[in-house]
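Undergrad: Here's a structure for you.
Residue numbers (this note's numbering), protein chains in the order written: chain V, 6 to 113; chain W, 5 to 120.
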């Protein structure tokens, strides 16, 4: 599976959009981009995934660049409960390989 | 609806003891994964089951680690002769489909193992 690169930490004001970047320059054509988050003392929670097109659900939006070498997870109106570690994972046919993720701190 | 359930939530073992960690996946889920998460790190893959078959155990760190899923539902991760470096959170995840399909994993909240 392709490796991903994420900033170790980010801050966001409550009510503002949180934009979490991820680089996956070695992604191959049939690999999906998945996002999970992990709130303290809980297991990882699935957020969203995509292949080529941008995706949106009730939790977030996923923007994938045309060359697929990077993506951005957007939380449109961050709340304090969105404070968590966010993992960007490139997934093909085997198993999820987690990196160290981005620790997002939402502040009042 | 019930999610993935893991027990116990916390386990303290003395070095050298054997431990058994249980995972109850979502009913009907075909795939079951075990992950190990050390403090401050992302989860690391241990092993994968498709129904009762253990198809990948490449992540098990030593032969002291053993996992089973005899009837294709509940799974147990056993660690023999525990060592301090085994201290971690052990996460279980399940999915309704075999790997290779476009299917998110559902994680439990893990068992925190502390070896003293």
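By construction, the Cβ of each residue, glycine as well, lies at the ideal position given by its N, Cα and C atoms. All values reported here derive from a predicted model rather than from experimental measurement.
Is residue 87 of chain V buried or exposed, if buried means 16 or more other CB atoms sit within 10 Å of its CB?
TA: Buried, since its Cβ has 16 or more Cβ neighbours within 10 Å.
Undergrad: Within 9 Å (strictly less), CB to CB, does residue 80 of chain V reach chain W?
TA: It does not; no Cβ of chain W falls within 9 Å.
Undergrad: Tell me, which residues are paired with residue 79 of chain V by DSSP?
TA: Residue 79 of chain V pairs with V:24 and V:66.
Undergrad: Excluding the 5 residues preceding and the 5 following residue 94 of chain W in the sequence, name in chain order all residues of the same chain whose CB lies nearer than 7 Å to its CB.
TA: Excluding sequence neighbours, residue 94 of chain W sits near 25, 38, 40, 81, 114, 115 and 117.
Undergrad: If the cut is a Cβ gap below 9 Å, which residues of chain W does residue 101 of chain V touch?
TA: Chain W residues near residue 101 of chain V: 37, 39, 47, 49, 97 and 109.
Undergrad: I want to verify the contact list: residues of chain V whose CB lies under 7 Å from the CB of residue 106 of chain W, in sequence order.
TA: Residues of chain V passing the Cβ test: 37.
Undergrad: Do you know offhand how far residue 9 of chain W's Cα is from residue 57 of chain V's?
TA: Each residue's alpha carbon lies about 34 Å from the other.
Undergrad: Just to confirm, is the Cβ distance from residue 75 of chain W to residue 89 of chain W under 9 Å?
TA: Not in contact: residue 75 of chain W and residue 89 of chain W (Cβ atoms no closer than 9 Å).
Undergrad: I'd like the span of the beta strand (DSSP E) that includes residue 37 of chain W, first residue to last.
TA: Per DSSP, residue 37 of chain W belongs to the beta strand (DSSP E) from 35-41.
Undergrad: Which same chain residues end up closer than 7 Å to residue 87 of chain W when comparing Cβ atoms and leaving out the 5 residues on each side of it in sequence?
TA: Hits under 7 Å: 19 and 119.
Undergrad: Would you mind giving the Cβ-Cβ distance between residue 92 of chain V and residue 46 of chain W, rounded to the nearest angstrom? I have them listed as a contact below 8 Å.
TA: Between residue 46 of chain W and residue 92 of chain V the Cβ distance is about 6 Å, and since that is below 8 Å, they are a contact.
Undergrad: Verify the contact flag: residue 61 of chain V, CB atom, against every heavy atom of the ligand MN, threshold strictly below 8 Å.
TA: In terms of ligand content, the structure shown is empty, and the ligand MN therefore cannot be addressed.
Undergrad: Kindly identify the DSSP beta-bridge partner or partners of residue 116 of chain W.
TA: DSSP, once it has assigned bridges, lists W:14 and W:93 as partnering residue 116 of chain W.
Undergrad: Quick check: what's the CA-CA separation for residue 108 of chain W versus residue 99 of chain W?
TA: So the alpha carbons of these two residues sit roughly 7 Å apart.
Undergrad: Taking only the alpha-carbon atoms, compute the straight-line gap between residue 28 of chain W and residue 54 of chain W and give it to the nearest angstrom.
TA: Roughly 14 Å separates the two Cα atoms.
Undergrad: Helix, strand or coil for residue 110 of chain V per DSSP?
TA: Residue 110 of chain V: strand per DSSP, three-state reduction.
Undergrad: Starting from residue 53 of chain W, trace the beta strand (DSSP E) in both directions and tell me its first and last residue.
TA: 48-54 is the extent of the beta strand (DSSP E) around residue 53 of chain W.
Undergrad: For residue 102 of chain W, which residues in the same chain have their Cβ closer than 8 Å to its Cβ, ignoring the five residues on either side in sequence?
TA: Cβ neighbours of residue 102 of chain W beyond the five flanking positions: 34, 35 and 54.
Undergrad: Does DSSP classify residue 26 of chain W as helix, strand or coil?
TA: In this structure, residue 26 of chain W counts as strand in the three-state DSSP scheme.
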